[in-house]
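Contents: one structure, followed by commentary.
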Amino acid sequence: MKIQASAEDYLEAIWVLTQNGAKARATDLAAHMGFAKPTISIIVKKFKDNGYLTIEDERYITLTEKGAEIAKRVHQRHTLLSQVLMAIGVSEKQAYEDACKLEHAISEETFECIQRFFKKVKKG
-13 MKIQASAEDY LEAIWVLTQN GAKARATDLA AHMGFAKPTI SIIVKKFKDN GYLTIEDERY
47 ITLTEKGAEI AKRVHQRHTL LSQVLMAIGV SEKQAYEDAC KLEHAISEET FECIQRFFKK
107 VKKG
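For the sequence shown, counting from 1, position 112 maps to 98 in the working numbering; every step adds exactly one.
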């Protein structure tokens, strides 16, 4: 299922915030992404209604399997593309910004080819 790039970014942010057993609420997501809490609350409700996350006790956000799958894929793309861009000389800040755009724009085939190529280059 294809969802919008902005939705992928929200899911990735939730995934990042909840790693290592951490818990996140809408306020944490708003602070992380730089948006107002009411905006985030609307988005969180839509994601909940569409089965991407659940709201636990005390308003903690938990990704469902469906939401986590998307979030992990986007995060993997973001991380690798940032590394590739930095490896060719792009500054860290610019690499992260550009990777955020690229992660949504390239096909799975292209990403897999970049991934294989970068692994070879790093080995060798």
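In this text, a Cβ means the ideal position worked out from N, Cα and C, and glycines have one as well.
Checklist entry - Excluding sequence positions up to five away, which residues of its chain have a Cβ less than 6 angstroms from the Cβ of M(-13)? => result Below a pLDDT of 50, predicted positions are generally treated as unreliable, and M(-13), at 48, falls in that range; no measurement from the model is reported.
Checklist entry - Around the Cβ of R63, are there at least 16 other Cβ atoms within 10 angstroms (buried) or fewer (exposed)? => result Classification of R63: buried, given that the 10 Å Cβ count is 16 or more.
Item to check | Three-state secondary structure (DSSP) of A10 | outcome: It is a strand residue.
Item to check | F103, buried or exposed, once every other Cβ within 10 Å from all chains shown has been counted against 16 | outcome: The residue is exposed, with fewer than 16 neighbouring Cβ atoms inside 10 Å.
Next on the checklist: Distance check for C99 and I92, CA to CA, integer angstroms please.
Outcome noted: C-alpha of I92 to C-alpha of C99: approximately 11 angstroms in a straight line.
Item to check | Classification of E78 by the beta-carbon crowding that lies within 10 angstroms, buried from 16 upward | outcome: That one is exposed.
Checklist entry - Taking the C-alpha atoms as reference points, what is the distance between D35 and T96? => result If I take the Cα positions, the gap works out to 32 angstroms.
Checklist entry - Going by DSSP, what residues sit across from I47 in a beta bridge? => result Per DSSP, the beta bridge partners of I47 are A10, I41.
Item to check | Contact check, T25 vs L39, beta carbons under 8 angstroms | outcome: No, Cβ-Cβ distance for T25 and L39 is not below 8 angstroms.
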